[in-house]
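Novice: Read top to bottom, the protein sequences are chains D and E.
One point on numbering: in the numbering used here, the residue at position 29 of the first sequence is 62, and numbering is uninterrupted.
One point on numbering: in the numbering used here, the residue at position 27 of the second sequence is 60, and numbering is uninterrupted.
Right, I'll just put the structure down here and ask away after.
There are 2 protein chains.
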Amino acid sequence: MAERAGHRAAPAHTHPEEVPVQTALAALADPVRIQLVRELAASPVWTRSCGSFDVPVGKAALSHHFTVLRGAGLVEQRDEGPRRVNRLRREEFEACFPGLLDLVLRPDARTQDG
Amino acid sequence: MAERAGHRAAPAHTHPEEVPVQTALAALADPVRIQLVRELAASPVWTRSCGSFDVPVGKAALSHHFTVLRGAGLVEQRDEGPRRVNRLRREEFEACFPGLLDLVLRPDARTQDG
């Protein structure tokens with residue numbers, strides 16, 4: 034049997050069709066995840082590794098944020114050797130939650146209270 | 034000077050124009066608040082008192098949920114004698130966050146995980 038090159042288990046994914054609206058909203062109601070989604074939206078698909086984002090959190094917290102994004106049908110990941118690269122599931126998420134990503138991605142969107 | 038009939042301070046409100054998208058999303062990412070918003074959307078404005086909703090939470094928790102909804106520009110409240118009555122700020126919230134309320138109000142929206 035062929036063995037995976039990576040030493041991690043392949044990430045589990047959830048299709049946005051399977052995602053309750055509450056889960057989708059909660060996934061996006063976080064400043065770090067909003068930043069991850071914005072950077073992904075501004076990058077070509079499969080070009081961004083998990084360590085390439087400009088967010089002020091440690092490795093474990095970042096891993097948790099990606100788990101939440103996968104579980105909400107927002108992000109797809111795959112391992113390319115040592116890198117885990119990402120794709121924003123823009124079209125399929127938009128089909129399930131019309132307009133929601135646009136609210137988060139619009140340039141004037143304030144993410145901080147006060 | 035005329036004195037207010039109620040013995041509570043008038044509730045503080047936030048216009049949806051002042052609300053960051055993250056705050057709007059967080060306000061709606063909760064099963065109790067989704068239920069409150071749905072019941073409000075299905076009722077004529079200013080007809081629902083705070084105690085009239087079918088949600089499984091105590092008075093203090095309910096009060097907190099209404100504070101969150103007011104702070105997100107989703108609900109307006111006023112006191113009518115001993116009753117505090119509610120209005121969903123449907124038009125002004127929709128103007129600021131197009132499509133967001135519709136996602137929560139659509140009949141097929143699943144609110145529970147799993």
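Virtual Cβ for every residue (Gly too), placed ideally from N, Cα, C.
Note that the structure is a prediction, hence the values are computed from the model and not measured.
(1) Using a Cβ cut-off of 7 Å, pull out every chain E residue sitting near residue 59 of chain D, in sequence order please.
(2) For the stretch 59–66 of chain E against the stretch 50–61 of chain D, are there 3 or more C-beta pairs whose distance is under 8 Å?
(3) For residue 96 of chain D, does the three-state DSSP call read helix, strand or coil?
(4) Kindly identify the DSSP beta-bridge partner or partners of residue 82 of chain D.
(5) Which residues does DSSP pair with residue 112 of chain D in a beta bridge?
(6) Find the residues of chain E that neighbour residue 131 of chain D, judging by a C-beta separation of less than 9 Å, and give them in chain order.
(7) Write down the C-beta distance between residue 76 of chain E and residue 116 of chain E rounded to the nearest angstrom, noting that I regard them as a contact closer than 8 Å.
(8) Under a CB-based cut-off of 8 Å, is residue 110 of chain D close to chain E?
(9) Where do the ends of the alpha helix (DSSP H) carrying residue 133 of chain E lie?
(10) Relative to chain E, which residues along the stretch 67–97 of chain D have a C-beta separation below 7 Å, given in chain order?
(11) Closer than 8 Å, CB to CB, is residue 54 of chain E near chain D or not?
(12) Is residue 52 of chain D near residue 129 of chain D, with beta carbons less than 8 Å apart?
(13) Does the pairing of the stretch 108–127 of chain E with the stretch 42–56 of chain E give three or more beta-carbon distances under 8 Å?
(14) So, residue 56 of chain E versus residue 132 of chain E, is the Cβ gap smaller than 8 Å?
(15) I think residue 98 of chain D touches residue 139 of chain D, with their Cβ atoms under 8 Å apart; what is that distance to the nearest whole Å?
(16) Quick check on the DSSP output: the alpha helix (DSSP H) that includes residue 42 of chain E runs from which residue to which?
(17) Look at the Cβ atom of residue 90 of chain E, then the Cβ atom of residue 137 of chain D, and state whether they are nearer than 8 Å.
Specialist: Taking the geometry as given:
(1) 62
(2) yes
(3) helix
(4) D/118
(5) D/117
(6) 132, 135 and 136
(7) That belief does not hold up - the Cβ atoms of residue 76 of chain E and residue 116 of chain E are roughly 14 Å apart, past 8 Å.
(8) no
(9) 133–138
(10) 67
(11) yes
(12) yes
(13) yes
(14) no
(15) Actually they do not touch by this definition, with Cβ atoms about 21 Å apart.
(16) From DSSP, residue 42 of chain E is part of no alpha helix (DSSP H); its letter is neither H nor E.
(17) no
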